[in-house]
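Report on one structure; see the data block that follows.
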């Protein structure tokens, strides 16, 4: 007991000594700081009277026995999320997908390929009825080009679309530049000059010639580049735009540059009448007469009202003419309202003249309309927009490669809406003679 009491007294004495005693409610006095020399920049330099003890303790102190922190270690990254191969990617608006997107792990159509973690594209969600490149079944695809890497020449008809061509010519280059294409623009100085400009552009090495106008402008340019290897693209600003409809071009004008950029190069057939090329259709009879009336009415009233007025006046004033028609050697003679050789399905601003026609089948769909009265002509005109005009009696449809038409007097004919006159017409198909940019 005496030893324990002595130890307690010694501990009490140490706690009551001035060095260890602390009065309640007061802080202990700080020890005086050592003298610090001033630095050259006017600031006090930090210093310590003795080195600070190491902050690390435990396992970290064992790793750094000298008490200093080691170099930064790289962060531990998480593994990539697993890719669900059967799930198609969610489409995002206003975004152009690439083979290596900024966040490849977020796209299900990209998968890991090899230990180097390279990325390869995988097709997902292809639509039925299309080839491996996404082309429409039945089309001849001659190549999948990227127009953003090529030059193009745009030939603008300044009077197309009620004068819209003149306004388009000043901004068409900027519209295509926004899609990464380099486009040079030239305006036709006079009628029938587009063929010459297109021929010169193909000779200068332009791989794509853009027809900025209607079906007539596309017809002229096709006459200049057929067989040259240059591809025909469209910027439809005309009244009818039937050929653009056949190639799948969008109706909204602002969507055309992107369509042309992503389009594929395809080979189509073209027709020929007395050595002149046509794309959609060629007709002898009432459609040539109507085309002439439309041109005359449009000069007085504008193309919008002139198209309707010219069609009605042409139907009211035309009577069937005697013709001798040889269709692949088979003779058809009599009075005919019209004979139409169709390469495409539509003509005359939406008339579904040949519902079964194809641009690459190597044949022409020939419409033979016999001796119809004015009332029957008006009824057939209403049905032709629905494609139900062929009755198998007075209006028949046959397929052929060569059509010969002999007349008793010169008559008007239309080739893609443009008129010509002759007494004898020789019509034939030229399979695979033109390359176009289409869907």
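Residue numbers (this note's numbering): 2 to 440. Glycine residues also receive a C-beta, built at the ideal position from the N, C-alpha and C atoms. Please read all numbers here as calculations on a predicted model, not as lab measurements.
Would you grab the beta carbon distance between residue i and residue j for me? Rounded to a whole angstrom, and I think it's under 8 Å.
i           : j           : result
residue 298 : residue 307 : 4 Å
residue 170 : residue 186 : 6 Å
residue 179 : residue 349 : In fact, because the Cβ distance is near 34 Å, the residues do not count as touching under 8 Å.
residue 339 : residue 286 : 3 Å
residue 182 : residue 153 : 6 Å
residue 367 : residue 404 : 6 Å
residue 315 : residue 300 : Not really, about 15 Å apart at Cβ, beyond 8 Å.
residue 280 : residue 219 : 6 Å
Please report the straight-line C-alpha distance between residue i and residue j, rounded to a whole angstrom.
i           : j           : result
residue 423 : residue 411 : 5 Å
residue 159 : residue 239 : 10 Å
residue 438 : residue 337 : 37 Å
residue 111 : residue 263 : Because the pLDDT of residue 111 is 33, which lies under 50, any placement of that residue in the model is unreliable, and the question is left without a value.
residue 270 : residue 352 : 20 Å
residue 430 : residue 194 : 25 Å
residue 156 : residue 184 : 10 Å
residue 388 : residue 205 : 42 Å
residue 375 : residue 266 : 44 Å
residue 333 : residue 436 : 34 Å
residue 197 : residue 317 : 38 Å
residue 249 : residue 278 : 21 Å
residue 426 : residue 274 : 6 Å
residue 162 : residue 188 : 14 Å
residue 311 : residue 320 : 15 Å
residue 342 : residue 354 : 10 Å
residue 97  : residue 177 : With a pLDDT of 46 at residue 97, under the threshold of 50, the predicted position of this residue should be treated as unreliable, though the coordinate-derived value follows. Roughly 16 Å between the two C-alpha positions.
residue 386 : residue 225 : 31 Å
What are the boundary residues of the alpha helix (DSSP H) that includes residue i?
i           : result
residue 246 : 243 to 247
residue 201 : 195 to 204
residue 379 : 375 to 385
residue 301 : 287 to 302
residue 191 : Counting along the chain, residue 191 falls outside any alpha helix (DSSP H), and DSSP gives it neither H nor E.
residue 168 : 161 to 170
residue 173 : 173 to 178
According to DSSP, simplified to helix, strand and coil, what is residue i?
i           : result
residue 185 : strand
residue 333 : strand
residue 434 : strand
residue 216 : helix
residue 151 : coil
residue 120 : Residue placement at residue 120 cannot be trusted, given a pLDDT of 31 that sits under 50; the coordinates are not used to answer.
residue 339 : strand
residue 391 : coil
residue 1   : The chain is shown only over 2 to 440; residue 1 falls outside these bounds and no answer can be derived.
residue 366 : strand
residue 346 : coil
residue 250 : coil
residue 207 : coil
Got a sec, what are the start and stop residues for the beta strand (DSSP E) residue i sits in?
i           : result
residue 268 : 265 to 274
residue 279 : 277 to 279
residue 325 : 322 to 328
residue 411 : 403 to 416
residue 356 : Residue 356 -> no beta strand (DSSP E), and no H or E assigned at all.
residue 227 : Taken as a continuous stretch (DSSP letters only), residue 227 belongs to no beta strand (DSSP E), as it is neither H nor E.
Discussion item. Check whether the stretch 353 to 364 and the stretch 384 to 401 are in contact - that is, three or more C-beta pairs closer than 8 Å.
Written reply: Yes, they touch.
Discussion item. Under 8 Å, with one C-beta from each stretch per pair, do the stretch 406 to 420 and the stretch 323 to 331 reach the 3-pair mark?
Written reply: Three or more Cβ pairs drawn from the stretch 406 to 420 and the stretch 323 to 331 lie within less than 8 Å of each other, which places the two stretches in contact.
Worksheet item: Would you call the stretch 412 to 421 and the stretch 250 to 260 touching, i.e. three or more CB-CB distances under 8 Å?
Response: Contact between the stretch 412 to 421 and the stretch 250 to 260 is absent: fewer than three C-beta pairs spanning the two stretches fall below 8 Å.
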